[in-house]
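A.B. asks:
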Amino acid sequence: MAQEMAEQPARLQALLRRSNEIGERVRELGPQPLQGITIVARGSSDHAATYGRYLLEPATGRPVSLAAPSLHTLYRIRVDYRGQLVVGVSQSGRTPEIVTTLGLLREAGGCALAITNDPASELAQAAGAVIELEAGDEQAVPATKTVTTQLAAFAILAQSLGRVPFSRDQLASLPEWVEEVIEDPEPAAV
100 MAQEMAEQPA
110 RLQALLRRSN
120 EIGERVRELG
130 PQPLQGITIV
140 ARGSSDHAAT
150 YGRYLLEPAT
160 GRPVSLAAPS
170 LHTLYRIRVD
180 YRGQLVVGVS
190 QSGRTPEIVT
200 TLGLLREAGG
210 CALAITNDPA
220 SELAQAAGAV
230 IELEAGDEQA
240 VPATKTVTTQ
250 LAAFAILAQS
260 LGRVPFSRDQ
270 LASLPEWVEE
280 VIEDPEPAAV
C-alpha cells in the first residue's frame with residue numbers, strides 16, 4: 100500500500116496534464132444547456148462522487164445528485180434524463196450495477212461520461228466520453244491512487260463546467276502538495 104501511495108503524485112501529474120483535453124471533451128459531450136448532473140458510483144468511488152457533488156453543484160449552479168442504481172436496475176423506474184450529464188465512476192469500469200445504470204440513464208436521454216482506470220471497459224463503452232484516470236492497478240485492498248485521481252478528475256470536471264474556488268495553477272500544484280505530505284514522516288507517526 101505504501102508503494103501505491105507513493106505513486107499518487109505521478110498519477111495525478113499524468114491526469115492533470117490532460118486537463119485541457121478533458122475539459123474540451125466534456126464540453127463537447129454536452130448537454131446544452133446543462134440542467135443537472137447525476138453521478139453513479141459505489142464503494143470508494145461513491146465517496147469520491149460525494150466530493151464531486153460538493154464541487155460541481157456550486158460550480159455549475161445546477162443540482163447534482165448521487166443516483167440510487169437499484170431504482171433503475173431492480174425496480175426498473177424510468178426517469179427523463181434529457182439535459183443531464185450522467186457520470187459513471189468505477190475503478191475497474193466493470194461493476195455491473197454501475198455499467199447497467201449508466202447505460203439506462205444514457206438511454207433515458209442523459210449525456211454519459213465515464214470516470215475509470217480502464218478506457219476499454221464496459222463502463223467506458225456505455226459512455227459517450229471517458230476520463231481515463233491512468234492510476235494503474237490497485238494491489239492493496241483500500242484504493243489509494245484511484246480515489247486520489249477520481250477526486251482530481253472531479254476537480255477538472257468542475258473547472259471545465261463552471262466557476263471553482265481554485266485556479267488552474269493551484270490544481271496543477273496538487274501533485275507537489277501530495278508529494279510533500281507523503282514525504283513528511285510526522286503525520287504517519289501520530
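Quick note: the sequence shown uses this note's numbering, first residue 100, plus one each step. Where a beta carbon is used, it is the ideal one built from N, C-alpha and C, also for glycine. Please read all numbers here as calculations on a predicted model, not as lab measurements.
(1) If you draw a straight line from the alpha carbon of I255 to that of D179, how long is it in whole angstroms?
(2) Less than 8 Å between the beta carbons of Q107 and I230, yes or no?
(3) Pairing CB atoms from the segment 148 to 162 with CB atoms from the segment 190 to 203, are three or more of them under 8 Å?
(4) Quick one: give me the first and last residue of the alpha helix (DSSP H) that L114 is part of.
(5) So, are the CB atoms of R193 and E221 less than 8 Å apart?
(6) Does the segment 135 to 152 touch the segment 242 to 257, meaning 3 or more C-beta pairs lie closer than 8 Å?
(7) Quick one, which of G135, V188, G142 has its alpha-carbon nearest V163's?
(8) When DSSP builds the beta bridges, which residues end up paired with S164?
(9) Using the beta-carbon count (16 or more within 10 Å), is A167 buried or exposed?
(10) When DSSP builds the beta bridges, which residues end up paired with V298?
(11) At which residue ranges does the segment 169 to 203 contain complete beta strand (DSSP E) runs of 3 or more residues, listed in the order of the chain?
(12) Under three-state DSSP, which class holds G122?
C.D. replies: According to the structure shown:
(1) 27 Å
(2) no
(3) no
(4) 107 to 115
(5) yes
(6) yes
(7) G135
(8) T137
(9) exposed
(10) What is shown of the chain runs 100 to 289, which leaves residue 298 out entirely.
(11) 183 to 189
(12) helix
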